[in-house]
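In our numbering, the protein residues as written are 20 to 145. Note that beta-carbon positions come from the ideal geometry of N, C-alpha and C, so glycine has one too. Only a predicted model underlies this, so the values are computations on that prediction, with no experimental measurement involved.
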Amino acid sequence: MAHELLKDPTHAEFIEWCSAWIRILKTLRAENAALINQLADALKETARRSFIEQAEEFQLLMLAREQSMILLRHEINEQMEWLEKQPVGVPAPHLYEVLKGDIEGMVQEHDRVRVAFLVFINQEVS
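Right, here's the structure in full:
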């Protein structure tokens with residue numbers, strides 16, 4: 020057969036996915052915090068107005084991403100809690116496909132912002 024039929028994920032697989040997503044978010048939040056600290060350090064070293072203005076834009080973006088990560092972590096924790104209880108007749112609080120898409124989008128956005136920020140910082144110190 021050219022392709023295998025996809026089987027429905029097991030309860031354990033759903034829990035494993037949620038746990039992995041929580042770990043991914045923990046890593047992204049730590050990296051985001053490190054970028055914010057790097058930005059703060061760079062601001063101590065310059066008085067150029069154009070740099071400060073662009074740095075403020077990065078800071079706002081990073082803080083907004085932090086809030087988004089906190090919200091997504093909360094949604095995944097709600098999903099984990101539901102999986103542990105499995106209440107009869109109560110639908111899952113979030114669709115797995117949506118959570119998966121949100122995580123993938125968060126990782127892509129993080130990578131995009133991180134690269135843009137590092138280019139910005141390296142131009143300043145060069």
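Notebook entry, point to check: Would A74 be called buried (16 or more neighbouring beta carbons within 10 Å of its own) or exposed?
Noted result: buried
Next item on the list: Have a look at Q57 and F70 and give me their C-alpha separation to the nearest angstrom.
Entry: 14 Å
Margin query: Can you look up A59 in the DSSP assignment and give me helix, strand or coil?
Written below: helix
Check: Buried or exposed: where does I89 fall if 16 or more other Cβ atoms within 10 Å of its Cβ makes it buried?
Finding: exposed
Item checked: Contact between the stretch 115-127 and the stretch 27-41 (3+ Cβ pairs under 8 Å) -> yes
Checklist line | Assigned secondary structure, L79 (DSSP; H/G/I helix, E/B strand, else coil) | finding: helix
Notebook entry, point to check: Going by Cα to Cα distance, which pick from T65, A53, E100 and R84 is closest to H30?
Noted result: E100
Next item on the list: Compute every distance between the C-beta of F33 and the non-hydrogen atoms of the ligand NAD, then say whether any falls below 7 Å.
Entry: Judged by which ligands are present, the structure shown has none, so any question about the ligand NAD falls away.
Check: Exposed or buried, which one is E129 when buried takes at least 16 other CB atoms within 10 Å?
Finding: Correcting the residue type first, residue 129 is His in the shown sequence and not Glu. It counts as buried.
Margin query: Among the candidates Y115, L91, V109 and F77, whose CA atom is the shortest distance from the CA of V134?
Written below: F77
Notebook entry, point to check: CB-CB under 7 Å to Q98, same chain, minus the five flanking residues each way: which ones, in chain order?
Noted result: C37, A111, P112, H113 and L118
Next item on the list: Enumerate in chain order the residues of its own chain whose CB-to-CB distance from R92 is below 7 Å, with the five nearest sequence positions on each side excluded.
Entry: I41 and L44
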